[in-house]
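> Take this structure, written in structure tokens, and hold onto it; I'll ask about it next.
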Amino acid sequence: MKLAGFLLLLAGWAIVVAAVVLLIPPNMRAIFVLAGVGVEIIGLTLVIRSNPLAVREKE
Amino acid sequence: MPITEIVLVTVLILLAPFSIAGISLINTGMGRSRSAAHSLLTSLCIFAVAAGAYVICGFAWQGYIGAPAHVFVAAGRQWNWLARGPFFLRGIDFNDAPISLALCLQIFSVGLAALIPLGACLDRWKLSAACASTALFAGWTYPLFAHWVWGGGWLAQLGINADMGHGVIDAGGSGTIHAVGGLTALSVAWILGPRRGKYSLEGMPTAIPGHNAVLILFGCFLSLLGWLGLNSAGAILFTGAAPGRVALIAINTTLAAGAAILAAVVITGLRFGRPDVSISANGWIGGLVASSASCAFVSPIEAFVIGAIAGALVTYSVEWFELHFGIDDPGGAISVHALGGIWGLLAVAIFASFPASQVGIGAGRFGAVSTRDAGQALAQIVAIATLIGFVLPLTYGLNFALNRVWPQRVAIEGERQGLDLYEFGAGAYPDFVTHSEEFGQFR
């Protein structure tokens, strides 16, 4: 799960970079940047949840 | 650069080491007494390794605005992603060029950033592993992101290339120094795991209080002095703030720290019945960290608000990391530096304004001059996304690989004895620490 989380972090950043570099319309660029940040948040959540102590505390 | 400006910036840069001393004392005070000497010596070694690695290759990859760099072309625009300087500082002009002043400031900045992970890894990080991890940090991780923000890299170019305000603004290093250091602290803390005895079998944390509140609070005073230099010199060298704004920067820095510690004192007082010394001290540093990015571009009232929010954020997040995320961070480094730094970057988007007279070599070169700009918010968000989406996986990957070839955690026996005795053979307080078995030998 941790590996998947880190891959999602990188994927989210790739979306952000692609939006900044390739898109011209400001609104479109902002939407894709925020979408990339959303993917990163999911990845960060996965990485944090993969910590055995965090899981144990929830249980 | 006029001689008066050179003298001013030099004096400000020479204040910066106080921040290193302050953070070292805070880390030591937050740890256990049986690892106090280890903490301070490791701080010195980390600073030494960071300075060495940065001189060997770090500055070559970080560079300075206008220096040769690797670029890639996309959608008809040039994006600067890595500096192309010579190793070992060859070819640097040490006369009156701003690059020599920037290099001097950066050696202290990288030393401070490299110290941050130690706060999260107290009482269980081997000296040799800390030095090896620091070499990776100062030689690669830090220079890369610092180039993107301070060296004219693609984040600084967002203003001119993507019409996002002035590009990423981070005058004193909220993101470049603290968030990068704080995310590295998170990575190493994950890899090391918690201190033995910190969590029960059910996963509930137990309190292991710091051993010396005086060291912690004196470290806070020293840090303020260092931050005044870091923020002022950084704002002049990296965002082109006029030297006349040093007074405003000093006021803003002090107010942010003051608001943060007051917020922490009030919140811990209300929640626990009495103010908590270590969390309040963390609040103070959190306020300093958050003030850094926007110190030259906000009013004193706005700096106060930024600091107060940072103090509240740190107070709650210290508990949150320990209780809900299972992360043992004795010095509060992750909350203070990672979250405080990210909040500092965001605060630029919310509070900062940029009259034409305030911008010069940094922001002015890469973006159009205006007062407030919606694109600035997006630029700051891109910087935060880069920290979380790129710097965190990078620094975790580097430390994970290092841990496979050179295990970073001390042996169980070392944790039981304390790192002073285990790694150095002597404690920091030999007169005060007694062991029953020693009495047994001599009586």
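First to last, the sequence lines map onto chains R and A. Under our numbering, read the first sequence as residues 47 to 105, first letter to last. Under our numbering, read the second sequence as residues 281 to 723, first letter to last. Ideal placement from N, C-alpha and C gives every residue a C-beta, glycine not left out. Given the structure is predicted, the values throughout are model-derived calculations rather than measurements.
Is the distance from the Cβ of Val616 of chain A to the Cβ of Val594 of chain A below 8 Å?
Taking 8 Å as the Cβ cut-off, Val616 of chain A and Val594 of chain A qualify as a contacting pair.
> Are Leu55 of chain R and Glu86 of chain R touching if we call contact CB-CB under 8 Å?
By the CB criterion at 8 Å, Leu55 of chain R and Glu86 of chain R fall inside the cutoff.
> What in chain A is Cβ-close to Leu90 of chain R, meaning under 7 Å?
Ile668
> Leaving aside the five residues before and after Ile630 of chain A along the sequence, list all residues of the same chain whose C-beta is less than 8 Å from its C-beta, in chain order.
Counting only Cβ-Cβ distances below 8 Å, and skipping sequence neighbours, we find Ala657.
> I'd like to know if Leu658 of chain A contacts chain R, where contact means its C-beta is closer than 8 Å to some C-beta of that chain.
Taking CB atoms only, Leu658 of chain A has a neighbour in chain R less than 8 Å away.
> Decide if Phe646 of chain A is buried, meaning its Cβ has at least 16 other Cβ atoms within 10 Å, or exposed.
At Phe646 of chain A the pLDDT is 43, less than 50, meaning the model places this residue with poor confidence; the figure from the coordinates comes in the next sentence. That one is buried.
> Counting only Cβ pairs nearer than 9 Å, list the residues of chain A close to Phe78 of chain R.
Correct list: empty, because the minimum Cβ distance to chain A is about 11 Å.
> In the segment 603 to 614 of chain A, which residues sit with their C-beta less than 9 Å from some C-beta in chain R, listed in chain order?
Leu603, His604, Phe605, Gly606, Ile607, Asp608
> Alpha carbon to alpha carbon, what distance is there between Gly520 of chain A and Trp507 of chain A?
18 Å
> Taking a cut of 7 Å between CB atoms, which residues from the segment 343 to 371 of chain A lie near chain R?
Ala354, Ala355, Trp359
> Could you give the distance in angstroms between the alpha-carbon of Phe601 of chain A and the alpha-carbon of Arg357 of chain A?
Straight-line Cα distance between these residues: approximately 42 Å.
> Give me the chain A residues within the contact set of Asn97 of chain R, using Cβ-Cβ distance strictly less than 8 Å, ordered along the chain.
Within 8 Å of the CB of Asn97 of chain R, the CB atoms of chain A belong to Trp470, Phe605, Gly606, Ile607, in sequence order along the chain.
> In chain order, which beta strand (DSSP E) runs of at least 3 residues are fully inside the segment 559 to 597 of chain A?
none
> For Ile357 of chain A, which three-state DSSP category applies?
Note that residue 357 of chain A corresponds to Arg in the displayed sequence, not to Ile. Three-state result, Arg357 of chain A: strand.
> Using a cut-off of 7 Å between C-beta atoms, extract the partners of Ile622 of chain A located in chain R.
Within chain R, no residue comes near Ile622 of chain A; the closest Cβ sits about 12 Å away, beyond 7 Å.
> Report yes or no: is there a C-beta of chain C within less than 8 Å of the C-beta of Leu55 of chain R?
Absent from the structure: chain C. Protein chains present are R and A.
> For the segment 337 to 356 of chain A and the segment 288 to 297 of chain A, state whether three or more C-beta atom pairs, one from each stretch, are separated by less than 8 Å.
no
> In chain order, what residues of the same chain have a beta carbon less than 6 Å from the beta carbon of Val557 of chain A, not counting five sequence neighbours either side?
Ala493
> Spatial neighbours of Ala465 of chain A within its chain, please: CB distance less than 6 Å, with the 5 preceding and 5 following residues excluded, ordered by chain position.
Ile396, Pro397, Ala400, Ala613, Ile614
> Closer than 8 Å, CB to CB, is Gly84 of chain R near chain A or not?
no
> Using CA coordinates, which residue listed in R:Gly58, R:Asn97, R:Leu69 is at the minimum distance from Leu80 of chain R?
Put simply, of R:Gly58, R:Asn97, R:Leu69 the residue whose alpha carbon is nearest the alpha carbon of Leu80 of chain R is R:Gly58.
> Express the C-alpha separation of Pro555 of chain A and Ser315 of chain A in angstroms, rounding to a whole number.
26 Å
> Could you check if Asn562 of chain A is buried or exposed, using at least 16 other CB atoms within 10 Å of its CB as the buried criterion?
Counting Cβ neighbours within 10 Å, Asn562 of chain A comes out buried, since at least 16 surround it.
> Can you pull the chain A residues whose beta carbon is under 8 Å from the beta carbon of Leu68 of chain R, in chain order?
Ala354, Ala355
> What did DSSP end up calling His458 of chain A once you bin it into helix, strand or coil?
helix
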